[in-house]
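Undergrad: Residue 298 in my numbering is what sits at position 276 of the sequence shown, and the numbering runs on without skipping anything.
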Amino acid sequence: MATLLKPVHEATREFVAQPIGKATDNMYSYLALVQDDPTIQIVNQAQKAYVEKVAPSVAAMAGLPILSAGAPFKAGGRKNDPTGYTEVNKGELTFRNAADLYLYPNTLVVVKATGEELKEWLECSAGMFKQIDPASDKPQSLLDWEGFRTYNYDVIDGVNYEFDLTQPARYDGECKLINPNSHRVVNLTYQGKPVDPKAEFLIATNNYRAYGNKFPGTGDAHIVYASPDENRQILADYIKAESEKNGHVNPSADKNWRFAPIKGNDKLDVRFETSPSEQAAKFIQDNAQYPMKKVGTDEVGFAIYQIDLSK
Numbered sequence: 023m024a025t026l027l028k029p030v031h032e033a034t035r036e037f038v039a040q041p042i043g044k045a046t047d048n049m050y051s052y053l054a055l056v057q058d059d060p061t062i063q064i065v066n067q068a069q070k071a072y073v074e075k076v077a078p079s080v081a082a083m084a085g086l087p088i089l090s091a092g093a094p095f096k097a098g099g100r101k102n103d104p105t106g107y108t109e110v111n112k113g114e115l116t117f118r119n120a121a122d123l124y125l126y127p128n129t130l131v132v133v134k135a136t137g138e139e140l141k142e143w144l145e146c147s148a149g150m151f152k153q154i155d156p157a158s159d160k161p162q163s164l165l166d167w168e169g170f171r172t173y174n175y176d177v178i179d180g181v182n183y184e185f186d187l188t189q190p191a192r193y194d195g196e197c198k199l200i201n202p203n204s205h206r207v208v209n210l211t212y213q214g215k216p217v218d219p220k221a222e223f224l225i226a227t228n229n230y231r232a233y234g235n236k237f238p239g240t241g242d243a244h245i246v247y248a249s250p251d252e253n254r255q256i257l258a259d260y261i262k263a264e265s266e267k268n269g270h271v272n273p274s275a276d277k278n279w280r281f282a283p284i285k286g287n288d289k290l291d292v293r294f295e296t297s298p299s300e301q302a303a304k305f306i307q308d309n310a311q312y313p314m315k316k317v318g319t320d321e322v323g324f325a326i327y328q329i330d331l332s333k
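Below is the structure:
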């Protein structure tokens, strides 16, 4: 049996080792849960570029703004794997790297959502974070590892927004409404203007999210296009096309989302967990959007960082 399978195995190895392009920056997911991130950015860029090509030929999509939703697939697991992070180095990229950036064999699907549904989609994503008491000087955890799965934390590119974490989460980890009077998503804008709740948007996502009917704006009634192509292949094709056109692909995060500053308490102590590696520490030092300082290691082996949310 091993002899029979060897040619297949060798062919697979050759395929995933094929060069597809070059990247200008490292793509590590160490900060994917606390700031805009290159591992999600490049996926969203690829999905958006794909839809821009097919949209003119699909009547239901003609003329509408195109957004893209992506989530971190490897960002510490369920708070059980300090080594479980996406790590793709800058320079030459292969199909294996595309598979590292997009783990699952999902296919691309486009949904049509209103501005109101878009905001609620982001409110559901905001369940990733715990509520922060702005008056406390005790250590407070930023990430709700127990109640929320990281792969449900969608970043939507094409709009800008902030999360006000002094408010309780509007939705729980299953996107069920738990605090109807709470709103964490603030300053949601498209092209510099507040998003109209009645405006319509196209959102590129995957079949798992689109058909799941969990997030507002998803479900069968919202689907306007279902591609036969896998998101992973779309990503690889995008890297190849950008590299052929420009000599490289630029995955740098565009910083379209952030936490709303929490002012008035110099002793505010908010903390999050990430990889303990030296590579992670260097990446954080070079790329942190907020002041961050390592303050310890937890019992599982994650590094604990203090993050200054007053900025």
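We put the beta carbon where it would ideally sit given N, CA and C, even for glycine. Source: prediction; values computed, not measured.
Name the DSSP beta bridge partners of W167, please?
TA: DSSP, once it has assigned bridges, lists no residue as partnering W167.
Undergrad: Among H205, K267, E184 and L257, which residue has its Cα nearest to the Cα of A282?
TA: Nearest option by C-alpha distance: E184.
Undergrad: Does the structure place the segment 90 to 106 close enough to the segment 202 to 215 that three or more beta carbon pairs sit under 8 Å?
TA: No: the two stretches stay apart, fewer than three of their Cβ pairs being nearer than 8 Å.
Undergrad: Of all the options P313, P273 and N309, which has the alpha carbon lying nearest to the alpha carbon of G43?
TA: Of the listed residues, the one whose Cα sits closest to G43 is P273.
Undergrad: Just confirm the distance between the C-beta atoms of Y260 and V131, as a whole number of angstroms; I'd bet it's less than 8 Å.
TA: That belief does not hold up - the Cβ atoms of Y260 and V131 are roughly 17 Å apart, past 8 Å.
Undergrad: Would you list the one or two residues that DSSP bridges to Y61?
TA: Rather than Tyr, the amino acid found at residue 61 in this sequence is Thr. According to DSSP, T61 bridges with nothing at all.
Undergrad: What does a CB cutoff of less than 8 Å around Y173 pick up in its chain, not counting 5 residues either side in sequence?
TA: Closer than 8 Å at Cβ, skipping near neighbours: A93, P94 and F95.
Undergrad: To the nearest angstrom, how far is it from the Cα of L224 to the Cα of S297?
TA: Their Cα atoms are separated by approximately 35 Å.
Undergrad: Starting from R231 and walking both ways along the alpha helix (DSSP H), at which residues does that stretch end?
TA: Here the alpha helix (DSSP H) through R231 covers N229 to G234.
Undergrad: Just list the residues that DSSP pairs A179 with in beta bridges.
TA: The identity of residue 179 in the sequence shown is Asp, whereas the question assumes Ala. For D179, which the question treats as bridged, DSSP gives the partners S90.
Undergrad: Quick one: what's got a C-beta closer than 7 Å to A120's C-beta in the same chain, skipping five residues either side?
TA: The residues are I42, R254, L257, A258 and I261.
Undergrad: Is the segment 149 to 165 in contact with the segment 72 to 84, if contact means three or more CB pairs nearer than 8 Å?
TA: Taking 8 Å as the limit for Cβ pairs, the verdict is that the segment 72 to 84 does not touch the segment 149 to 165.
Undergrad: Who are the near neighbours of K215 in its chain, counting only those whose CB is closer than 7 Å to its CB and skipping five residues on each side?
TA: Excluding positions up to five away in sequence, the list is empty.
Undergrad: Which one of A302, F294 and D320 has the shortest CA to CA distance from F151?
TA: Among A302, F294 and D320, the Cα nearest to that of F151 belongs to F294.
Undergrad: Who are the near neighbours of D176 in its chain, counting only those whose CB is closer than 6 Å to its CB and skipping five residues on each side?
TA: Closer than 6 Å at Cβ, skipping near neighbours: A91, A93 and S147.
Undergrad: In this structure, how does DSSP classify D194 when only helix, strand and coil are distinguished?
TA: Coil.
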